[in-house]
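Numbering-wise, my numbering comes out as the position in the sequence shown, counting from 1, plus 2. Reviewing the structure listed below.
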Amino acid sequence: MVACNISWWAVENPFWCHFFQKWVPGCVIPGRKQLSGCILDRKADQVVDNIQREVNGKYGTGQYDSWKNISKDSLIGSMINVEFEPYLIGATNVSMQAKTAENLLEIVKNDIRYCTDVLGINLIVWCTDSNRESLKMQRLL
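Shown next, in the form of structure tokens:
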């Protein structure tokens with residue numbers, strides 16, 4: 003569903019249910035609250051476990067980039083690259099925050115801590131945008 007950009011509520015749509023009853027008889031379809039709650043949480047934990055196994059103890063680089071989504075929200079996305087493999091760390095909505103180097107520094111420091119403490123990566127560099135606030139954040143880092 004996520005890969006196809008299908009909303010969670012679609013699983014409770016009668017046409018969706020009919021499709022699965024017809025083509026996957028006996029299938030129990032979880033509700034949208036289950037899918038977006040405990041099932042999604044379990045899958046996210048599996049992804050983190052897989053990433054930890056792949057990157058733990060290895061050297062990597064980190065980076066962030068900022069952009070606006072289609073709703074015009076300001077986002078900061080973080081990723082790492084370990085042995086030529088990219089891994090998305092997360093995206094932070096910063097629309098309601100002041101666009102300061104100090105706020106950016108806190109986001110980057112949290113991402114770096116996550117990479118080193120949780121994923122076990124030996125970070126050798128963290129790359130940023132080259133705008134004024136990013137440059138100031140680099141000096142503060």
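A virtual CB, placed ideally from N, CA and C, is assigned to each residue, including glycine.
Below 8 Å, too few C-beta pairs join the stretch 106–113 and the stretch 43–62 to call them touching: fewer than three. Between I78 and Y89, the beta carbon gap of about 16 Å keeps them out of contact (Cβ cut-off 8 Å).
V127 is a Cβ neighbour of T63, given a cutoff of 9 Å.
Around the Cβ of C6, a 10 Å sphere holds fewer than 16 other Cβ atoms; the residue is exposed.
Nearest Cα to M3 within the set S132, I91, I31: I31. Selection N95, I53, G59, F86 evaluated against I72 yields N95 as nearest (Cα-Cα).
Distance from the CA of Y61 to the CA of I82, rounded to the nearest whole angstrom, comes to 10 Å.
Ranking I123, E104, Y116, N124 by CA distance to the CA of R141 puts E104 first.
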